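Protein chains in written order, with my numbering: chain A, 4 to 139; chain B, 4 to 139.
Written below as structure tokens is the structure these notes are about.
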DNA sequence: TTAAAGTCTATAGTAACTATAGAGTCAATA
DNA sequence: TATTGACTCTATAGTTACTATAGACTTTAA
């Protein structure tokens, strides 16, 4: 059995993050030491690494909680897992599209001012203002 | 002079958002009615639309505050504005790269399970676990 | 005059942590 | 054995940009 600091080292998560996951019901220490320190075993390490891998895929804690539940209900259908991943992919793709558009706009903005003028003549601010008066 | 509800309509921001911007020192009503209602003029409308446009470019409230300050300091240099936009572009591009990688990983994961099996044999969960035991 | 709609302030909630305070525990050294 | 330093505990507040509520007050129109 290991204490939270060692679990943090092994997993690469911070101590606070592990405690946060416990609060969010993703991971719990089944045992405590005499002095009330959390004690973890090998299964906990695996569970935390699973969580960490899911987080690296930007799954939310709620989604991970769901996956962990499915994981331990052998009769449930893969479809639920598939659907979650599918929705997540769509979400990521929407965000990529948004950011790509944003990037274009920012680059157009950047082109509007390059020299060392005072703000009075700054093309960027002029552009930002122009957009304002247009939409007004 | 208009009240906050009308400013909200004109700008497309919610009433709470406008009050939030005031709290964040981006926009303030210089006048209040006898009954303590905020009163706005044309300059306030323009300022709010400027803020809204910047937000649509994902600039943070802190960045916008800085832009507004520069905006009203005619002696400051464009360089400050340029640098901020430059950094923002870099940040957006980093995030796009991250999400693109993420998307690839999620799609690989999706390919690992397609049929209606029970979770016991779910390829996605197997993949997620495999990653865990590899990194352990 | 009264009712509805609008506005006020203050506070809490959102997501996933991070950081702190103040107290208690553990392991090793003097 | 005492003490020091490192570790852990709980509880709470802060981060970002809002959104949503509660309870009270103001304005407007019928």
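Even glycine gets a Cβ: it sits at the ideal position worked out from N, Cα and C.
Note that the structure is predicted; figures quoted are calculated from it, not measured.
Look at residue 94/A here: in three-state DSSP terms it is helix. Under the three-state reduction of DSSP, residue 80/B is assigned to strand. Shown here, residue 34/A sits in a strand according to DSSP, grouped into three states. Within chain A, the residues placing a beta-carbon under 8 Å from that of residue 103/B are 99, ordered along the chain. Interface with chain B (7 Å Cβ-Cβ cutoff): residue 20/A is excluded. Per DSSP, the beta-bridge partners of residue 121/A are 80/B. The shortest CA-to-CA distance from residue 14/A to any of 34/A, 56/A, 39/A is the one to 56/A. For residue 44/B, the closest of 37/B, 31/B, 20/B, 126/B by C-alpha to C-alpha distance is 31/B. Taking a C-beta distance under 7 Å as the contact criterion, residue 79/B and residue 71/B do not qualify as a contact pair. Taking the Cβ atoms as the reference, residue 128/A lies roughly 46 Å from residue 68/A, outside the contact range of under 8 Å. C-alpha of residue 26/A to C-alpha of residue 101/A: approximately 33 Å in a straight line.
Rounded to whole angstroms, residue 41/B and residue 21/B show a C-alpha spacing of 11 Å. The beta carbon of residue 54/B sits closer than 6 Å to those of 29, 67, all from its chain and outside the five residues before and after it, given in chain order. Residue contact with chain A for residue 45/B: absent (no Cβ-Cβ distance below 7 Å to any residue of chain A). Short of 6 Å from the beta carbon of residue 116/A, and not among the five residues preceding or following it, lie these beta carbons of its own chain, in chain order: 125, 126, 127. For residue 123/B, a Cβ of chain A is located within less than 7 Å of the residue's own Cβ. Taking residue 91/A as the centre and dropping the five residues before and after it, the same chain places the C-beta of 60, 61, 62, 66 closer than 8 Å to its C-beta, in chain order.
Think of a sphere of 8 Å around the beta carbon of residue 129/B: no beta carbon from chain A falls inside it, the nearest being about 10 Å out. Annotation for residue 51/A: 14, 30 place their beta carbon closer than 6 Å to its own, counting only its chain and skipping 5 residues before and after. DSSP places residue 131/B within a helical segment (H, G or I) once states are collapsed to three. Within the stretch 60–82 of chain B, the residues whose Cβ lies closer than 8 Å to some Cβ of chain A are 60, 61, 70, 73, 74, 76, 77, 78, 79, 80, 81, 82, listed in chain order. Bounds of any alpha helix (DSSP H) do not take in residue 29/A, whose DSSP letter is neither H nor E. Beta-bridge annotation (DSSP): residue 5/A is paired with 43/A. Using a Cβ-Cβ cut-off of 7 Å, residue 112/A is close to 88 of chain B, given in chain order. Residue 131/A has its alpha-carbon roughly 19 Å from the corresponding atom of residue 93/B.
The Cβ of residue 16/A sits no closer than 7 Å to any Cβ of chain B. From the listed residues 83/A, 98/A, 34/A, the smallest Cα separation to residue 113/B is found for 83/A.
For the pair residue 18/B and residue 5/B, the CB atoms are not nearer than the 7 Å cut-off.
By the rule that beta-carbons nearer than 7 Å mark a contact, residue 5/A does not touch chain B.
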